[in-house]
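Chains as they are written, first to last, in UniProt numbering: chain A, 1 to 195; chain B, 1 to 352; chain C, 1 to 389.
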């Protein structure tokens, strides 16, 4: 679709410099001077992809449908990864040992978001946190709710809040958000290796 | 120039759709295998370079995840090209020429199965005049095949013979996807896919990957009993707009072949990145290959065509035959873009 | 160790802005290219090879767009090469181009970094909604903000450090006619009072989304000598390096990543720099969120861990400080993603050539260009100097 109607863009101020356009003979298109310029060409493109989650992610998603969080262990370092992606980035070897993780976690760090980047935020501001799931060695991102945003601190203990059992699917969206679980905070020094 | 050789290779078994594994799970075993074969420590490579395509994967930064397979910890000197892995090899070869590296790990992979490949490849055309028409890769190839036939460069019969020869050669290739073919006379009875191309004229749609290890000079000799030396390597582009080009020839291949020194000695085999049967006579002519040169003994891309890897696999197939002592000198070709727009030529030799 | 010395003899930039509606895609690259060639006193015919970098193809909706620019860039019959290493990409691209000369493969190489972000919705191009992957619920800043918060906690930096960086860079941009943002009315208060997007990152501490391209002409030693003889000072490349580490590795420090430290150590070793604070005259570093200035100052070795913010507060990184950082206005003032790395490299070259115009640092002899990308995991750096290495 050719769009000749959009408003004229602001003129671009080209800085004084050493550059000059090469000379071009424009006589052949001189008649076009009175024609309105084409300002943009909009070409809509749509393509469909069928993605393959892969072996490790499939194992993870099958577990999450059963309201379980399952990480995978690096055979060389013993570190537990969530979500598992199939290969330990430190050893370059496949992760094959599954590790049942807790459904609680700890805030490692966070930010307070004042714009709705989700498209359907329940409240503004909201807290996006790096959360270390119990039993894992690398934090994941999650939404923190049920606590005033200015009371979230590193070390805050959280529980995962899930959709109704009848709504469980093979998706991360099974976890709606995270909320305080009432346990005492974890000392910051215990979290130093996870960020 | 420093002497640089391919000292180890590995590739996947190529399949129509690797539906169980994601990209990193697909390429990881190949990387592990080539590292073990090379004798270089997993953390001992001076440089790592890969090739892949976001449009193929259907996601931006798709190469970031596959970095997990090379154990980039401690951090590594690494780069990535949005092109076939043959160009990743080229970048690694240049890096070794600068003296900043003596060894390099190169890999590339492509899963065409997530998307509709001919439609995805239509996005690789000029955005103003061509892409809005959604010309598929097969449509564009058919225009070129028509021009080649009309110019007497090839014929539908010759193209069917190439398809038959390629896929029966692939019977001896354990990694190939298509390993048999009906007789050319039967192929000629098939319907057109895009006249003058029939299905057999087109490379299959493939998921797969490949990895190689490069080493310089004495390092290569110490790690490999018969290194495949890169005696010359060069790449060149032709124009993009089909109507500006003579589609029946490949000037960029001829320039690259001259720069790479193809004619400096006898060529025993050529592995050519022929995505369509008519590419073979165009490339043979542009490379100046005699009738005695065996082309695509592996079956070539007509037998397995993992996008972004099929070019680097051509080098692997020549290198493997040098490693085994089967041949002493061969040429490998890789291509990118539509209708053989961008071409890389490498001459590989064994010693003694 | 490289066989051949490398000189930067041409730098060309487009005017950067939110929407370059006045040029086509190849036109954008040509604008930067012809300026670089004019600077180098060359034409396209003199160029042996072209190396191009940009961020994901989804930004413009074209797969390997360089292929359709071959004619426009005079590249028919020549090598054309496309690099993609996330946000560091065009820094990596310049390094690949430099390698082509250092290795002796080519004598004159044109390298271009570009992005036309206005072609699409950047948020879309950067993060598809993958059905089975974890969703980042807060946009790009939401990824980095928790690490910035961690930096503040570790270093006890005053909370207006980021404000000072943003103010400095945006004021520097007023001296750079090519910069995207020219905020003549900017003040400490206006930055501090701007919307807190991702606490601790304010709106005015965040990079814009820009259209633009930069081109460099690199030559071998003979080319650099010839330019110098004609009174056009080259910038000599003293060292180049890239380093990568995994996006998600347990125990990885994302506040001061090891790959950044290693990359800096490598490039300084090549350039013979043992005390970067003393020996580097000016720095162009990739600061998309203001707090990354103190973070990178520490990561690169210009300040002890936990003290980078002091350099900012003491005015050391201002144009009249003894380690000026981002005199061009930096990424905070101009961010065509696929060009941003090479803009750092090109601005570093302009400084040591004495050609940075109003934002020139008098007497700059040695400069660092720095780029990073991905999950703070990909690094590309070069050191350029007025003197031959």
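Here a beta-carbon is modelled for each residue, glycine too, at the ideal position from N, C-alpha and C.
Closer than 9 Å to chain C by CB, residue i
| i | result |
| --- | --- |
| residue 187 of chain A | no |
| residue 83 of chain B | yes |
| residue 161 of chain B | no |
| residue 199 of chain B | no |
| residue 138 of chain A | yes |
| residue 103 of chain A | no |
9 Å Cβ cutoff, residue i in contact with chain A
| i | result |
| --- | --- |
| residue 164 of chain B | no |
| residue 64 of chain C | no |
| residue 22 of chain B | yes |
| residue 18 of chain B | yes |
| residue 370 of chain C | no |
| residue 192 of chain B | no |
| residue 1 of chain C | Because residue 1 of chain C sits at a pLDDT of 43, beneath the cut-off of 50, its placement in the model cannot be relied upon, and the following sentence gives the value as read from the coordinates. By this cut-off, residue 1 of chain C is not an interface position. |
| residue 58 of chain B | yes |
| residue 8 of chain B | no |
| residue 120 of chain B | yes |
| residue 104 of chain B | no |
Buried/exposed call for residue i, threshold 16 Cβ in 10 Å
| i | result |
| --- | --- |
| residue 173 of chain B | buried |
| residue 290 of chain B | exposed |
| residue 133 of chain B | exposed |
| residue 295 of chain B | buried |
| residue 159 of chain B | buried |
| residue 79 of chain A | buried |
| residue 100 of chain B | buried |
| residue 65 of chain A | exposed |
| residue 59 of chain C | buried |
| residue 266 of chain B | exposed |
| residue 42 of chain A | exposed |
| residue 188 of chain C | exposed |
| residue 69 of chain A | buried |
CB contact check: residue i to chain B, cutoff 9 Å
| i | result |
| --- | --- |
| residue 388 of chain C | no |
| residue 340 of chain C | no |
| residue 41 of chain A | yes |
| residue 99 of chain C | yes |
| residue 96 of chain C | yes |
| residue 283 of chain C | no |
Those residues which DSSP pairs with residue i across a bridge
| i | result |
| --- | --- |
| residue 80 of chain B | B:50 |
| residue 178 of chain B | Paired residues: none, contrary to the question. |
| residue 98 of chain A | A:72 |
| residue 229 of chain B | B:5 and B:349 |
| residue 180 of chain A | A:158 |
| residue 11 of chain B | B:210 |
| residue 172 of chain A | In DSSP, residue 172 of chain A forms no bridge with anything. |
| residue 104 of chain A | A:159 |
| residue 60 of chain A | BP columns for residue 60 of chain A are empty, so no partner. |
| residue 105 of chain B | B:48 and B:213 |
| residue 370 of chain C | C:381 |
| residue 197 of chain B | B:194 |
Does the stretch 169-180 of chain A touch the stretch 182-198 of chain B, meaning 3 or more C-beta pairs lie closer than 8 Å?
-> no
Would you check if the stretch 6-24 of chain C and the stretch 314-332 of chain B touch, i.e. whether three or more CB-CB distances between them fall below 8 Å?
-> no
So does the stretch 2-19 of chain B actually touch the stretch 111-128 of chain B, counting three or more Cβ pairs closer than 8 Å?
-> yes
Report the residues of the stretch 44-57 of chain A with a CB closer than 8 Å to any CB of chain B, ordered along the chain.
-> 45, 47, 48, 49, 50, 51, 52, 53, 54, 55, 56 and 57
For the stretch 84-95 of chain A, which residues have a CB atom closer than 9 Å to at least one CB atom of chain B, in sequence order?
-> 85, 86, 87, 88, 89, 90, 91, 92, 93 and 94
Cβ contact check for the stretch 291-299 of chain C and the stretch 152-164 of chain C: 3 or more pairs under 8 Å = yes
Below 8 Å, can you find three or more Cβ-Cβ pairs linking the stretch 375-387 of chain C to the stretch 338-355 of chain C?
-> yes
Touch test, the stretch 99-110 of chain B against the stretch 31-51 of chain B, Cβ-Cβ under 8 Å, three pairs minimum | yes
Report the residues of the stretch 223-249 of chain B with a CB closer than 8 Å to any CB of chain C, ordered along the chain.
-> 234, 235, 236, 237, 238, 239, 240, 241 and 244
Spell out a yes or no on whether the stretch 123-134 of chain A and the stretch 103-114 of chain A are touching, meaning 3 or more CB-CB pairs, one atom from each, closer than 8 Å.
-> yes
Pull out every residue of the stretch 60-79 of chain B whose Cβ sits closer than 8 Å to any Cβ of chain C, in chain order.
-> 60, 61, 63, 64, 65, 67, 68, 72, 73, 74, 75, 76, 77, 78 and 79
Given 8 Å, three or more beta-carbon pairs between the stretch 267-283 of chain C and the stretch 162-181 of chain C = no
With 9 Å as the limit, tell me which residues of the stretch 239-264 of chain C have their beta carbon closer than that to any beta carbon of chain A; keep them in chain order.
-> 245, 246, 247, 248, 249, 250, 251, 252, 253, 254 and 255
With a cut-off of 8 Å, do at least 3 Cβ pairs link the stretch 305-317 of chain C to the stretch 357-376 of chain C?
-> no
Chain C contacts from the stretch 314-342 of chain B (Cβ-Cβ distance under 9 Å) = 336, 337, 338, 341 and 342
Between the stretch 169-187 of chain C and the stretch 71-88 of chain C, do at least 3 Cβ pairs fall closer than 8 Å?
-> no
Is the stretch 37-45 of chain B close to the stretch 135-145 of chain B, with three or more CB pairs under 8 Å?
-> no
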